[in-house]
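Participant: First the structure, then my questions, so here it is.
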Amino acid sequence: MASEKEVIPLHVLKEKLIFKSHEELSPDEMEEINNEISNIGIENLNQDYTNPVHRGMIIALLSLCENHQLSPFYPLNDNPEHSSVEKILKLFENDLINAFALTSI
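Here this note's numbering is used: position 85 in the sequence shown is 88, and no number is missing along the way.
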């Protein structure tokens, strides 16, 4: 039986990004961050964890993951406004992708 990976709490990831910026993130921590961000429909950010601007945007995204304003309407697939929400999230994702690209070092 394969063992499951332990989920790293979001507050632990945020604290490491904020207070321990000199420490590299482990592959498990980076994977957890990517999983959490993809759970809110955002992928392909091409983030650089050594870039302070990227770290700040990642911290903001992890805060959004913890306190997503759409959570009262979950599951979104059952909501009549689902297609509108999807369009808005896609625009948001594209803006983030551009911001990450423009702030790359």
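Where a beta carbon is used, it is the ideal one built from N, C-alpha and C, also for glycine.
Residue ranges of each beta strand (DSSP E) run of no fewer than 3 residues wholly in the stretch 24 to 107, ordered along the chain?
Facilitator: Here no run is fully enclosed.
Participant: Terminal residues of the continuous alpha helix (DSSP H) containing Val-15?
Facilitator: Start and end: 13 to 22.
Participant: According to the neighbour-count rule (16 or more other Cβ atoms, all chains shown, within 10 Å of its Cβ), is Lys-111 buried or exposed?
Facilitator: Examination of residue 111 is not possible in this model, given that the chain is present from 4 through 108 alone.
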